[in-house]
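Engineer:
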Amino acid sequence: MVDSTIRLAEGIHPNKEAKKDFMSLVGIDHQKKELLTTLELLLDQSKLTDWEKKYHHKGLPIMSLLKTSNPLIILSGEVGCGKTALAQCVATPLAELLGTQVKVFETPSNIRGGGLVGEISNRITEVFESVKAKLKDNESGLLIIDEADDIATSRAQNQAHHEDRAGLNVLIKQIDAIQKSKKKLAVIMITNRMTVLDPAVRRRTSLHLVFDRPNEDTLEEVFNWIFTGIDLNITQLDDLIKYCSGLSIPYSFSDLIQRVAKQTLYRSVELKQPFSVHLYTEILKSTEPTPLLGEHKIN
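Have a look at this one:
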C-alpha cells in the first residue's frame with residue numbers, strides 16, 4: 019500500500035545557516051526588505067495598533083484593510099533568481115525582528131498526490147490543518163508552497179480538471195481560514211508562472227514580489243560580491259557587465275553564482291592557482307544562460 023501521508027519539511031528559526039544564506043542573497047535587496055516588512059506586520063499586528071494610536075488616535079477606518087488582510091504572499095518570476103532561496107531563509111531575520119522563534123513548514127513536491135478522486139483536496143486540507151495544529155497560539159509560523167501553480171491554477175484554464183478545481187476551492191478556503199483562526203501564520207507561495215494562478219488567489223495576496231534576472235545595477239552588486247577579497251578593477255567589472263548585458267538571454271543569479279563561480283572555484287583548485295577574474299570570465303563565456311521560461315513577462 020502506498021503511504022499517502024504528507025511529510026512537511028520543518029525548521030525552527032533563527033539559525034546561523036539561514037542567516038548566512040540571507041546575507042549572501044545579493045541583488046534582491048528590495049525584495050528582501052519588502053518581504054521582511056510585510057511578514058513582520060502580518061505576524062505582529064500590535065505594531066499596526068501602536069502606529070495607529072500614535073499617529074491617528076481617533077482611529078483610521080482604512081486600517082481595517084491591513085488588520086483583515088489574508089496572510090498570503092506570492093513570489094513570482096524567472097528561475098534561478100532567488101525566490102525559493104529567500105523564502106527558505108527569511109524566517110531567521112524575521113525571528114530577530116519579532117523577538118521570538120519562527121517555525122517554518124514546506125510542502126513536498128508531491129503535494130498533488132496520485133490523482134485519486136478527492137486526493138488533492140484532502141492533501142491540501144491535511145497540510146493546513148497539520149501546520150495550524152503544530153503552532154501554539156503565541157507562536158509564529160511560515161508555510162512555504164513551492165511550485166504553487168501545481169495547486170492554484172486558474173479554474174478558467176481549458177485543461178483544468180474537476181479535481182484541480184475542487185483542490186483550488188479548498189486552498190482558497192484554507193487561506194481564508196487562517197485569518198479567521200487568529201493563528202500567527204503566513205503563507206508564501208512561489209511560482210514561475212504567475213499568470214496561470216487563479217484570480218481568486220491573486221486577489222488575496224497581501225504582497226506580490228517579482229524576481230527578474232539581474233540588470234546592469236544588480237550585475238555590479240553580484241560581481242562585487244563574487245570577487246570580494248579579489249582585486250577587481252573598474253575595467254574588468256565594466257567588461258563583465260557589458261558582456262552579460264549584451265546577451266539575448268541574460269544570466270540568472272544562479273547561473274552567475276551557483277554555476278559559474280562554483281565551477282571557477284573547482285577549476286582553480288584543480289589547476290592549483292588563485293581564484294581570478296580571468297578564469298571566471300573564461301568559464302562564464304563558455305557557460306550558456308539558463309533558458310528563459312515561455313512567459314518571461316510576469317504580470
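For the sequence shown, the working numbering begins at 19 and goes up steadily by one.
Beta carbons: idealized from backbone N, C-alpha and C, even for Gly.
Whose C-beta lies closer than 6 angstroms to the C-beta of residue 272 among residues of the same chain, with five residues either side of it excluded?
Structural biologist: Excluding residues within five positions, the ones whose Cβ falls inside 6 angstroms are 98.
Engineer: Does any CB atom of chain B fall closer than 8 angstroms to the CB of residue 197?
Structural biologist: No chain B appears in this structure, which consists of one protein chain only.
Engineer: Spatial neighbours of residue 60 within its chain, please: C-beta separation below 6 angstroms, excluding the five flanking residues on both sides.
Structural biologist: Correct list, in chain order: 89, 204.
Engineer: What would DSSP say about residue 117, mapped onto helix, strand or coil?
Structural biologist: Residue 117 falls in the coil class under three-state DSSP.
Engineer: Using 8 angstroms as the cut-off, can you tell me whether the region 196–210 makes contact with the region 142–155, which would need three or more C-beta pairs spanning the two stretches below that distance?
Structural biologist: At 8 angstroms Cβ cutoff, the stretches touch.
Engineer: Answer yes or no: do residue 227 and residue 166 have a C-beta to C-beta separation smaller than 8 angstroms?
Structural biologist: No.
Engineer: Pick out whichever of 290, 283, 237 has its Cα sitting closest to the Cα of residue 264.
Structural biologist: Among 290, 283, 237, the Cα nearest to that of residue 264 belongs to 237.
Engineer: Need the endpoints of the alpha helix (DSSP H) that residue 41 sits in, please.
Structural biologist: Element bounds for residue 41: 34–42.
Engineer: Should residue 121 and residue 28 be called a contact, given that it needs their Cβ atoms to be closer than 8 angstroms?
Structural biologist: Yes, Cβ-Cβ distance for residue 121 and residue 28 is below 8 angstroms.
Engineer: What three-state label does DSSP hand residue 203 in the structure shown?
Structural biologist: DSSP places residue 203 in strand when its eight states are reduced to three.
Engineer: Express the C-alpha separation of residue 152 and residue 30 in angstroms, rounding to a whole number.
Structural biologist: Taking the straight line from one Cα to the other gives about 12 angstroms.
Engineer: Which same chain residues end up closer than 7 angstroms to residue 113 when comparing Cβ atoms and leaving out the 5 residues on each side of it in sequence?
Structural biologist: Only 31, 32, 119, 120 meet the Cβ criterion.
Engineer: If you drop the 5 nearest sequence neighbours on each side, which residues of the same chain put their C-beta closer than 8 angstroms to that of residue 311?
Structural biologist: If we look at residue 311 and ignore the five residues flanking it on each side, its Cβ neighbours are 96, 97, 210, 211.
Engineer: Pick helix, strand or coil for residue 215, following the three-state DSSP scheme.
Structural biologist: Residue 215: strand per DSSP, three-state reduction.
Engineer: Please identify the residue among 63, 142, 51, 243 whose C-alpha is closest to the C-alpha of residue 105.
Structural biologist: Minimum Cα distance to residue 105 is reached at 51.
Engineer: Rounded to the nearest angstrom, what separates residue 74 and residue 86 at their Cα positions?
Structural biologist: Approximately 18 angstroms, taken between the alpha carbons.
Engineer: Out of curiosity, what's the CA-to-CA distance linking residue 163 and residue 125?
Structural biologist: C-alpha separation (whole angstroms): 6 angstroms.
Engineer: According to DSSP, simplified to helix, strand and coil, what is residue 87?
Structural biologist: Coil.
Engineer: If you drop the 5 nearest sequence neighbours on each side, which residues of the same chain put their C-beta closer than 8 angstroms to that of residue 103?
Structural biologist: If we look at residue 103 and ignore the five residues flanking it on each side, its Cβ neighbours are 39, 43.
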